[in-house]
Each structure stands twice: as structure tokens, then as C-alpha cells.
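A.B. asks: With the numbering used here applied, the sequence shown has no gaps in its numbers, which climb one by one up to 381 at the end.
We treat Cβ as the ideally placed atom computed from N, Cα and C, and that holds for glycine.
Quick caveat: nothing in here was measured; it's all calculated off a predicted structure.
Mind having a look at this structure? Questions to follow.
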Amino acid sequence: MAPELQDARETFATREFTSYVPSFIEKTFGSPHQKKQQLAQAVEEARAADYRDYTEAHGRYTQEWNAWRERKELAERVNAGDLVVYEEVLKEIGPFASLKNIASGFRFWFADQYRGGVEVDVKGEQVVPDEIKLLTSTGKLTKKAMPVTRKWEIYQDYVCGCMFRGAREIFSLLPVRFLVTSAHCVLVNPANGRYERMCLGSFAIHRDSLNHIDFRHVDFSEAAKSFVHTMNFSKRTGFEPVEALDLDRFD
């Protein structure tokens, strides 16, 4: 509701002005006329303060109302399947901006209002430490090398977790029903020995399937493999590049 002009300060100051009766001492030693002028000035200042509060409140209301109207129009266009607005929503809300510590970047696209894809640029295996830190029975901190198989298992969970996070962000903001999500990283291409951005894995997922996953206890690697997916992974050597799933193969 739009704010209304309140006159609490002016009302109080006016009451002080109209009820003023000079005391005997003021009549004898002071100047009742000067006091009356001061009270009249206080009324004007109070009126100005009331109006200043009103204009500030009305300005905030107008700003918030305009923002609400823009969000409402945006939501209506999203529900109508406007793909341009899909990208505007993701850029404006910026759900991936807070995930910079998790992944290097996210890319997304939409074939129609219900189908799309999200690519995640994951970090290299260096994201998993090479050492395990332990406390001995005496409370001393010790270190030991991370077993190779354990390191790759953790990294696989990280990669698959990033793909799930990308899908979750899209599903949480847009009425998309189906996504192909993939993870990419800069690796040495064994065919030419050069560093290239290559796909580590991808999977296809429906919104309903994602909603049935308990992310508090899920094993991301096993969850990814429960869907149509492509991934070539070994616990001893890690990931081998694969072709990402093509959204066009799914109706």
C-alpha cells in the first residue's frame, strides 16, 4: 500500500504552539513574543520533517513497486516459454555467481521451453589434496599420502556433484522439465598432445527424477550412473575424454 502523509510532528508542534501561555517569569523578565515565534518556527520545521519522511517513504515504495512489477512481468514471460527471458533470469538472479569456488564456470542453453542443457567447467584433479591429515592417539597431527584410488574417487564425486548442482539451479528457477548436463575440463588431448577443453562426462535427467534424490546422503557418482550417461572413468587413472550427450537425441 502506498504511504500516506503523516503529520505526527506537526500535530505535536501545533499543540505546543496553541497551548502556550507565558509564565509570570516570562512576562516579567522574558519575551513571550519571541517564544511564540520560536514555537511557530517549530511548527514549520515539523511540517517539513513530516513531508520529508513522506517523500522518502514514497520513493522507496515506488522503487519496490517497480521492481515487483518487473519481476511479475518476467515471471509471466517465463511461464509463457520465452527463451530469451530464460537467459535473462539466470543472468539477473545469477545463481552460478556464488559457485565460483566450486567450479570455474557454467554455460546453459535451451532447445525449447521444457528442454535445455548446462555445461560445467570443473576444476582439475588438483582440487583434491594429495595428502590426508590425521590426529594420532596423542593428539599429534600427522600426514600421509592420499591413495591414488581414493583421490580419483573423490574427484569423480566432485565432478558429478558439479553436474547435479548445475541441473538443480536450472530446475529451481525455470519450468524446464528435462536437462542434459555435462562436465568439462582442460586436459591433454592424447591424439595431439595439446591442452584442450574436453568433456569428462554427462547425463540426462528429468525434473521429477531430481526431486526424488536425497542430496543429504546421495553418492553423486552412483547417482549420475543411474541415468542415461556417458563417462569413462578408472579409479587408477581417472577420467578419459568422452562425447557429451546430445540433447537432440532425446524427445
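#1: Along the chain, where does the alpha helix (DSSP H) containing residue 347 start, and where does it finish?
#2: Taking Cβ to Cβ, would you say residue 236 is nearer than 9 Å to residue 251?
#3: Can you check which of these residues, 303, 256, 197, is closest to residue 232 by C-alpha distance?
#4: DSSP state of residue 216, grouped into three classes?
#5: For residue 285, does the count of other Cβ atoms within 10 angstroms reach 16, so buried, or fall short, so exposed?
#6: On the CB-based measure, 16 or more other CB atoms within 10 Å of its CB, does residue 393 come out buried or exposed?
#7: Could you give the distance in angstroms between the alpha-carbon of residue 146 and the alpha-carbon of residue 172?
#8: Measuring alpha carbon to alpha carbon, tell me which residue in 318, 246, 242 is nearest residue 210.
#9: Using C-beta distances below 6 Å, list every residue in its chain close to residue 362, excluding the 5 sequence neighbours before and after it, in chain order.
#10: Should the stretch 297-309 be called in touch with the stretch 334-351, which here means at least 3 C-beta pairs below 8 Å?
#11: With DSSP collapsed to three states, give me the class of residue 317.
#12: Whole angstroms are fine: how far does the CA of residue 199 sit from the CA of residue 140?
#13: When the Cα atoms are used, what is the spatial distance from residue 226 to residue 291?
C.D. replies: Once the coordinates are examined:
#1: No alpha helix (DSSP H) holds residue 347; DSSP gives it neither H nor E.
#2: yes
#3: 256
#4: helix
#5: That one is buried.
#6: For residue 393 there is no data in the structure shown, the boundaries of the chain being 131 and 381.
#7: 9 Å
#8: 242
#9: 370, 372
#10: yes
#11: Three-state result, residue 317: strand.
#12: 34 Å
#13: 14 Å
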